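Read in order, the letters of the sequence shown are residues 321 to 642 in our numbering. For glycine and all other residues, C-beta sits at the position ideal for the given N, C-alpha and C. Just so you know, these numbers come straight off a predicted model, no measurement behind them.
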Amino acid sequence: MNAIMADNGSFYYNIQGRAEGTSYNIIYQDSEDRDFQSEIEELLANFEKSLSVYDNESIISRVNRNEDVEIDDYFYTVFSRAKEISAQTENTFDISAEPLFRAWGFSSQDKCPPNREQIEEMRKYIGMDKISIKDRRIVKDHPNIVLNVNAIAKGYSADIVALFLEQHECPNYLVEIGGEIRVRGENPHGEGWRIGIDRPSESNLIPGQDMQAILQITNKGIATSGNYRQFYIKNGEKITHTINPATGYPAQHNLLSTTVIANDCLTADAYATAFLVAGVDKSLEWINNNAEIEAIFICDEDGEYKMYCTPALEDKIIQGDE
């Protein structure tokens, strides 16, 4: 734990580590000078026991093997919100779409796109309408249905850590887990927290290395989804990992990156994924029907990066390339 002296003489504390197969960075103010690292890591370890597809004994792995297993509160919350957001985004966000990502070569070394017949066969087992909860157990229409919550889990884990800090009366904090962020109050300089948004360049491989914009914000969840780091070229065609679960094919539009701001990071994380699939026009349509959501879009326009944001964010971008 590292101490940071704030401009007003109080202390903030910084803890860093690894969880969920990624890194975390947490800054918080605490008048009692407490080190929460071990408690937070235990919290995140329990979270992984529920929702990590990389843990063979996690609840989600057992659900995917069709075992009779009771789900916990973490699983229930993620599943319920995923189902709601899927319905709100015309199924462009779907935690049952993992077979499509595998088929398109984003879970293996085999980069061979599937044919139309293979896609149609897989789509029989994809869709949130084919899964439900009954008596704290997942009920599937078919045993071939599998779940992967990676597109929402990091955001939710940031919310869980944020709730822990609030329960311990920490008035100001930044929680970042794998790039998904939850902030409250002020930074050590007495301002809103400054969040960098990466320039969506294929050569920009390190988060934070090259910024398109800096956003100053507080009391929100922030998540970014981009398609410029995960892609491959097949027969001269660029195949991105932005697969549309509703069609089974990669999305075709000029949107490279979307950053979503919401009241919690779970919501921001899921909508960022959905927006990247749907494109700018459809995303703006959904935003107009949801007062909680704001967004920043970065598009490729004739080889130039163009940034657009919803009106409520215009005065919160303190540095940015238009």
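| Item | Value |
| --- | --- |
| Could you check the C-alpha separation between GLU642 and TYR628 for me, to the nearest Å? | With a pLDDT of 49 at GLU642, under the threshold of 50, the modelled position of that residue is not reliable, and no figure is offered here. |
| Taking one C-beta from the stretch 569 to 585 and one from the stretch 386 to 399 each time, how about it: are there three or more such pairs within less than 8 Å? | no |
| Can the beta-carbon of GLY516 be found less than 8 Å from the beta-carbon of ALA588? | no |
| How would you write the range of the alpha helix (DSSP H) that LYS369 sits in, first residue to last? | 357 to 371 |
| Cα-Cα, which of ASN468, PRO520, GLU352 is closest to GLY623? | PRO520 |
| Please report the residue range of the alpha helix (DSSP H) in which SER477 lies. | 470 to 487 |
| At the level of alpha carbons, what is the spacing between ALA326 and CYS619? | 37 Å |
| If you check the beta carbons only, do PRO565 and THR412 fall under 8 Å apart? | yes |
| Between which two residues does the alpha helix (DSSP H) harbouring THR587 extend? | 585 to 598 |
| According to DSSP, simplified to helix, strand and coil, what is MET627? | strand |
| Of the residues VAL580, TYR625, GLN639, VAL597, which one's Cα is nearest the Cα of ALA611? | VAL580 |
| Cα separation between CYS490 and ALA365? | 22 Å |
| Is PRO570 helix, strand or coil when you go by DSSP? | strand |
| Would you give the residue range spanned by the alpha helix (DSSP H) that MET531 belongs to? | Not the alpha helix (DSSP H): MET531 falls in the beta strand (DSSP E), residues 531 to 537. |
| With a threshold of 16 other CB atoms inside 10 Å of the CB of ASP388, please say whether the residue is buried or exposed. | exposed |
| Taking just the CA atoms, how far does SER400 sit from GLY505? | 29 Å |
| Let me make sure I understand the geometry here. Which of ALA323, ILE380, GLU362, ASP518 has the alpha-carbon closest to that of VAL459? | ILE380 |
| For GLU642, which three-state DSSP category applies? | Because GLU642 carries a pLDDT of 49, less than 50, the predicted location of this residue cannot be relied on, and the following value inherits that uncertainty. Residue state, collapsed to three classes: coil. |
| State the Cα-Cα distance for the pair THR409 and ALA323, rounded to the nearest angstrom. | 42 Å |
| Assuming contact is defined by CB atoms lying nearer than 8 Å, are GLN349 and SER372 in contact in what I supplied? | no |
| Measuring straight from C-alpha to C-alpha, what distance separates ILE616 and THR630? | 7 Å |
| For ILE379, name the three-state secondary structure that DSSP assigns. | helix |
| Using the three-state DSSP reduction, which class does VAL580 fall into: helix, strand or coil? | strand |
| Look at the alpha carbon of ALA543 and the alpha carbon of ARG385, and state the distance between them as a whole number of angstroms. | 30 Å |
| Please state whether the Cβ-Cβ distance between ASP414 and MET448 is less than 8 Å. | yes |
| Which of the three DSSP states is assigned to GLU511 in this structure? | coil |
| Taking 8 Å as the CB-CB limit, is TYR332 close to chain B? | Included in the structure is just one protein chain, with no chain B present. |
| Among GLY337, ASN492, ILE439, ILE465, which one has its Cα closest to the Cα of TRP513? | ASN492 |
| Figure out for me which residue from ILE453, ALA590, GLN532 has the closest Cα to the Cα of TYR625. | GLN532 |
| Take LEU633 and list the residues in its own chain whose beta-carbon comes closer than 6 Å to its own, dropping the five residues that flank it on each side. | GLU614 |
| Looking only at its chain, what residues have a beta carbon closer than 7 Å to the beta carbon of LYS403, apart from the 5 residues adjacent to it on each side? | MET448 |
| Keeping to the same chain, check which residues put their C-beta closer than 7 Å to that of TYR445; ignore five residues upstream and five downstream. | PRO419, HIS462, ASN464, ILE465 |
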